[in-house]
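So the protein lines, in turn, are chains A and B.
The letter at position 95 of the first sequence is residue 95 when you use this note's numbering, and the numbering goes up by one with no holes.
Positions in the second sequence are counted from 1; adding 1000 to them yields this note's numbering.
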Amino acid sequence: MISRFAVAALTLFIATRVLAVQPPPSRAPLDPLTPAERKVAEDVSRADSRVKELLGAGRNRLVYVDFIAIKPADASTAPDSPTKPLPIGRHAEVTFYRYDDDSGVRAIVDLQKRAVVQAARIESAEVPLNAEDLSEALALALKNDAVVSLLGADAKTFRVGDGARGVRPRNIVRGLRVVATSDRDPCWQRRCVQLFFRRGDVYLTDSVVVDLTQQQVRIERGQR
Amino acid sequence: MTRRSLLIAHLVLIVGLVVVPMAEAQCSGINLVEQKFPVTGVEQTRWRVCWLEQAKNGLVITAAFFRTAPNKPWIRILWDGRISEIFVPYHDGSPRYYDVTNFTFNLVSVSAADCPAALGGATLGAHVCKEVRDRGLAWKDYGSVRRGQELALWGALGAGNYNYVMEWIFRDDGTLIGRVGATAVNLPSKPKMPHMHNPIWRLDVDLNGFANDSVAFGTHTESGANGNDTEPTITNETGKDWDPQAFNSLDIMDSNLKNGHGEQTMYRLMAMPTGGFSRHQEAFTQKDFWVTHYDPSEMFAKNLPTYVSTPQPVANADIVVWYKGSLHHHPRDEDGEFVSGGWKGEALIMWTGFVLMPHNLFDRTPLIP
């Protein structure tokens, strides 16, 4: 006679054993990159001779690593159904910024082969600013006496806003890239960010422009 | 049931759940969204969608398949759909922001307040809302009526002082809609300065697979009492103007995809403008539609004039279509007010977008008994 307890125990035992021999879950072709895949993409691209050459010997920064789907070379013969994944492998797009000549490098990494399959130099406009640029700009701004005077006694409490986390400190700073449209603009061919300061639910109309290339800071008066 | 059969049933269940692999998919977990219509009752149509959150582009659709009936094959509609750029020039000439490609902006957090379950909402991770909702009347014929339903996926890109709500809508009748809503706070340094928000979508439409797609340019004309519609095929990469009186559309078709009557199936890309279309000094804003050959390195809307400068053939090819919408934001007191040296207020959301409408995809009117 088999008791209910025995049935439950046996079921649990079998499930545990079967689960123990299952391989780790693999990524579907269009799933987001894992942190480990991002690290591989950065490491592989930094080690690649072509990328090294394109980056040069000067200061550079990793701007982002993101997923990219590349269609099969022979798309006409590939099966195309939501239940038959295409043989597209896993790829990452890696973008770097070069400070010395205000340009960038874009590499496509085949994560399965752990190899760079494409590397090219890109112009400055195609290299976005990232959160690190914003933090650097805020740090530079807060070393400037005029900026501290503008912000007042709580100047040092301003933090870079991170809307992705859903928690908003009272004093935050948000940034937009300054796109110079003529050589009369001090940010012409430089990496500049304009900082906007928000105290509670009020933005200051005066803003701060930080030139990350020249490490300079200036206040821009807002319109009323 | 005997205890022995109970044991066997348990074993079969466990082995079935754990050992037998699930049907393979192109994406998984929260990034795979499958929705049948109607939501309750016997299935008539179904969407299967993969999405990703990407730095810069925000909410990206990486695959969209539609099925006109449970016994019909899946048809790929999109390989990739994304907002390639949101170009924001201010009326005094500066600044001129590229809100998608200038910064690695991320989607901001969404909560139950954004995405209430009582209204069909469910959050997918921390940044994306899925809504399955009533879309109003699908059709009405005197006393007979059918309300439609749709699946919407949306996330909001935190672009500095602005938020851009990126919404992708998949309707029960196979229609796909893309919208961008601009909201949050006017530029703090110039909160009263009029400006434009120009989202440019890059739509890698792959009807029935990648190859053999063509695009026709739909145009309506009037001559006397007669109307006339033409659809010449676009043979080479190019940009096109949208004329409201010509009802221009990009009609995308696959040479091998026909419905049960042998009629050519198309997806018609139509403008869903909000007031008008902008033209700025930047060359890529001089056209409303663009057609290019697929190239994975061609992702930047502002480079479109370069992409088509040596036009490649786009008939019976793997094509990508682009569409530019415009929002003319003339600030008003409803946007906010000056308070003690600062600016306080929220710009109420304004939308613009496009419609991809099926044409001869079904053999008969969908959603009727």
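Even glycine gets a Cβ: it sits at the ideal position worked out from N, Cα and C.
Everything numeric in this text was worked out from a predicted model, so none of it was measured.
Practice item. With a cut-off of 8 Å on the beta carbons, I'd call B:Lys1302 and B:Gly1239 a contact; round off their distance for me. Key: That pair is no contact at about 13 Å.
Practice item. Would you list, in sequence order, the uninterrupted alpha helix (DSSP H) runs of no fewer than 4 residues that lie entirely inside the region 1288 to 1354 of chain B? Key: Within the region 1288 to 1354 of chain B, the complete alpha helix (DSSP H) segments at least 4 residues long are 1304 to 1307, listed from N- to C-terminus.
Point to revise | Close-in-space but distant-in-sequence residues of the same chain around A:Tyr203 (CB under 8 Å, 5 per side omitted) | key: A distance below 8 Å between beta-carbons, with the five flanking residues on each side excluded, links A:Tyr203 to the following residues of its chain, in chain order: Phe196 and Phe197.
**Study point:** Outcome for B:Ala1063 when other beta-carbon atoms lying within 10 angstroms are tallied against a minimum of 16
**Key:** Buried, by the Cβ-count rule.
Exercise for review: Count the other C-beta atoms from every protein chain shown that fall within 10 angstroms of the C-beta of B:Ile1368, then say buried if there are 16 or more, exposed otherwise.
Suggested key: So B:Ile1368 counts as exposed.
Practice item. Quick one: grab the DSSP three-state call for A:Asp43. Key: Per DSSP, reduced to three states, the secondary structure at A:Asp43 is helical.
Check your understanding: What residues of chain A sit near B:Lys1190, judged by a beta carbon separation below 9 Å?
Key -> Near B:Lys1190 (Cβ distances below 9 Å), the residues of chain A are Thr205, Gly222 and Gln223.
Exercise for review: Could you tell me which residues DSSP puts in a beta bridge with B:Ala1152?
Suggested key: Among the bridge pairs identified by DSSP, B:Ala1152 is matched with B:Glu1131 and B:Ile1169.
Review point. Smallest Cα separation from A:Cys31: which of A:Ser207, A:Gly89, A:Gly161 and A:Thr213?
Key: Here the sequence assigns Asp to residue 31 of chain A, which means Cys is not the residue at that position. Checked all of A:Ser207, A:Gly89, A:Gly161 and A:Thr213; the closest Cα to A:Asp31 is A:Gly89.
Practice item. Quick one: list the residues of chain B neighbouring A:Ala28, beta-carbon separation under 7 Å, in chain order. Key: Residues of chain B whose Cβ lies closer than 7 Å to the Cβ of A:Ala28 are, in chain order, Ala1025, Gln1026, Cys1027 and Ser1028.
Check your understanding: Helix, strand or coil: how does DSSP classify B:Asn1236 here?
Key -> B:Asn1236 carries a strand assignment under DSSP once its states are collapsed to helix, strand and coil.
Exercise for review: Would you mind sorting B:Lys1140 into buried or exposed? The rule is 16 or more other CB atoms within 10 Å of its CB.
Suggested key: Counting the other Cβ atoms within 10 Å of the Cβ of B:Lys1140 gives fewer than 16, which makes it exposed.
Review point. What is the DSSP secondary structure of A:Ala227, reduced to helix, strand or coil?
Key: Summary: the structure shown does not reach residue 227 of chain A, with chain A confined to residues 1 through 224, and so no result is reported for it.
Practice item. Reducing DSSP to helix, strand and coil, say where A:Ala153 ends up. Key: Reduced to three states, the DSSP call for A:Ala153 is coil.
Check your understanding: With 16 as the cutoff for other CB atoms within 10 Å, does B:Asp1080 come out buried or exposed?
Key -> If you draw a 10 Å sphere on the C-beta of B:Asp1080, you find 16 or more other C-beta atoms in it, and that means buried.
Practice item. May I ask you to list, following chain order, the residues of the region 172 to 183 of chain A that have a beta carbon less than 8 Å from some beta carbon of chain B? Key: For the region 172 to 183 of chain A, which is checked against every Cβ of chain B, the residues closer than 8 Å are Arg174, Gly175, Leu176, Arg177, Val178, Val179 and Thr181.
Point to revise | 8 Å Cβ cut-off: residues of chain B touching A:Ile219 | key: Those do not exist, as A:Ile219 stays about 11 Å from chain B at its closest Cβ, beyond 8 Å.
Exercise for review: Can you pull the chain A residues whose beta carbon is under 7 Å from the beta carbon of B:Lys1344, in chain order?
Suggested key: Correct list: Asp201 and Val202.
Review point. When you compare only the Cα positions, how much space is there between B:Asp1318 and B:Ser1144?
Key: Rounded to the nearest angstrom, the two C-alpha atoms are 42 Å apart.
Point to revise | Assigned exposure category for B:Gly1158 - 16 Cβ within 10 Å defines buried | key: Classification for B:Gly1158: buried.
Point to revise | Contact residues within the region 94 to 107 of chain A, judged by C-beta distance below 7 Å to chain B | key: The region 94 to 107 of chain A vs chain B, Cβ under 7 Å: nothing.
Review point. Roughly how many whole angstroms lie between the Cα atoms of B:Val1193 and B:Gly1029?
Key: The sequence given here places Met at residue 1193 of chain B; Val does not occur at that position. Straight-line spacing of the CA atoms in B:Met1193 and B:Gly1029 works out to 44 Å.
Practice item. Please classify A:Ile122: does DSSP put it in a helix, a strand, or coil? Key: Of the three classes helix, strand and coil, the one that applies to A:Ile122 here is strand, per DSSP.
Check your understanding: So which of A:Leu55, A:Ala47, A:Asp66 and A:Gln189 has the shortest CA-CA distance to A:Ser34?
Key -> As written in the sequence, residue 34 of chain A is Thr, which differs from the Ser given in the question. When each option's Cα is compared against that of A:Thr34, the closest is A:Asp66.
Practice item. Name the one or two DSSP bridge partners that B:Gly1262 has. Key: Answer is none; B:Gly1262 lacks a bridge partner.
**Study point:** CB contact below 7 Å: B:Ala1009 versus chain A
**Key:** Caution applies to B:Ala1009, whose pLDDT of 48 falls short of 50 and renders its modelled position unreliable; the value that the coordinates give is listed next. With a threshold of 7 Å between beta carbons, B:Ala1009 makes no contact with chain A.
Exercise for review: Run the CB neighbour count on A:Thr95, radius 10 Å, all protein chains shown included, and call it buried at 16 or more, exposed below.
Suggested key: The residue is buried, with at least 16 neighbouring Cβ atoms inside 10 Å.
**Study point:** Near-chain E residues of the region 1245 to 1263 of chain B (beta-carbon distance less than 8 Å), N- to C-terminal order
**Key:** In the displayed structure, chain E is absent; the protein chains listed are A and B.
Exercise for review: State the CB to CB distance for the pair B:Arg1171 and B:Gly1136, rounded to an integer number of angstroms; the pair is presumed to be in contact (CB under 8 Å).
Suggested key: The beta-carbon distance between B:Arg1171 and B:Gly1136, rounded to whole angstroms, is 11 Å. This is too long to meet the 8 Å contact definition.
Point to revise | Cβ contact (3+ pairs, closer than 8 Å) linking the region 1297 to 1311 of chain B and the region 1339 to 1356 of chain B | key: Segments in contact, no.
**Study point:** Cutoff 7 Å: B:Pro1296 Cβ touching any chain A Cβ
**Key:** Look at B:Pro1296: its C-beta is under 7 Å from a C-beta on chain A.
Check your understanding: For A:Thr34, which residues in chain B fall below 8 Å Cβ to Cβ?
Key -> Near A:Thr34 there are no residues of chain B at all, since even the closest Cβ is about 12 Å away, more than 8 Å.
Exercise for review: Quick one: residues in its chain with C-beta nearer than 6 Å to the C-beta of B:Ile1077, no 5 flanking neighbours on either side, listed in chain order?
Suggested key: Setting aside the 5 residues that flank it on each side, B:Ile1077 is surrounded in the same chain by Ala1064 and Phe1066, each with a C-beta closer than 6 Å to its C-beta; the list follows chain order.
Check your understanding: Any beta-carbon of chain A closer than 7 Å to the one on B:Arg1048?
Key -> The Cβ of B:Arg1048 sits closer than 7 Å to at least one Cβ of chain A.
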